[in-house]
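Here is the structure we will look at, set down as structure tokens.
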Amino acid sequence: MDRRAALHRVALLLGGALSAPAIAGVLAGCERHDRAAAGFTPRALAPAQAELMAVVADHIIPATDTPGARAAGAPAFIDMMLADYYAPADRERFVAGLADLDARAEASGGRAFLRCEPGRQRAILDAVDREAFAGRDPHWFRTMKELTLLAYYTSEIGATKELRYQQVPGRFDGCIPFETVGRSWSV
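FYI, the numbering for the sequence shown is 7 to 193, going by our numbering.
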């Protein structure tokens, strides 16, 4: 095997380790657009579904001393990913998961998820989270978490306010105590 073939195979192996939709989303992020626009028009979801998805994203990364998922533009990013990069079957699974969330809320409290108090919403999401990570089958909530984290940490807010960011970092020290750094860095 020559060097070129070996590099090609290594690239294929490493590329297969990452999900294609995530890679496409990161590459789409190279275009400058305002993901945090308050009035984005959803393309993959109905407006009510987009609001439900935005509330769930805010539960995954809530606003604390740093802005939350909604402020970082996660809802618009998630909708763009679903519309442009996910297969119709994956999109349908995601929409069915949002409908299931509403059905669970109505079954347990007689109200739609968005009308429940935040504590009740959190309890429902905790139950869904346990189910999502208990099995090996693809679950819509895994997709929701993956896209929320991807949207947040590739946004300017996530990279600069949550993580540390230096456009040109200093010298390389291969072995330093974590306490001297304080938290992870974005690159």
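A virtual CB, placed ideally from N, CA and C, is assigned to each residue, including glycine.
Remember, predicted model here, so these are calculated numbers, not experimental data.
> Is A50 buried or exposed, if buried means 16 or more other CB atoms sit within 10 Å of its CB?
Replying inline: buried
>> Need the endpoints of the alpha helix (DSSP H) that R148 sits in, please.
In response: 146-159
> So what's P94 in DSSP terms, helix, strand or just coil?
Replying inline: helix
>> Tell me the DSSP secondary structure of R9 in three-state form.
In response: helix
>> The alpha helix (DSSP H) that contains A56, what's its start and end?
In response: 53-66
> Between the Cα of Y159 and the Cα atoms of A111, F100, T72, R117, which residue gives the shortest distance?
Replying inline: T72
>> For chain C, check one thing: does any of its Cβ atoms lie closer than 8 Å to the Cβ of V61?
In response: You won't find chain C in this structure, because it holds only one protein chain.
> Once you ignore the five residues that flank V187 on each side, which residues in its own chain have a CB closer than 7 Å to its CB?
Replying inline: none
> Can you tell me whether DSSP reads F139 as helix, strand or coil?
Replying inline: coil
>> Please classify P194 as buried or exposed, where buried requires at least 16 other C-beta atoms within 10 Å of its C-beta.
In response: One cannot answer for residue 194 here, as it falls past the ends of the chain, which runs 7 to 193.
> Do you know whose CA, among E162, C181, G180, lies nearest Q172's CA?
Replying inline: E162
>> Using only CA atoms, which one of A93, I130, R9, M87 lies nearest to A105?
In response: I130
>> Rounding to the nearest angstrom, what Cα-Cα distance links A56 and T154 in this structure?
In response: 13 Å
> Helix, strand or coil: which one does DSSP assign to P183?
Replying inline: coil
> Cβ of A60 within 8 Å of Cβ of A157?
Replying inline: no
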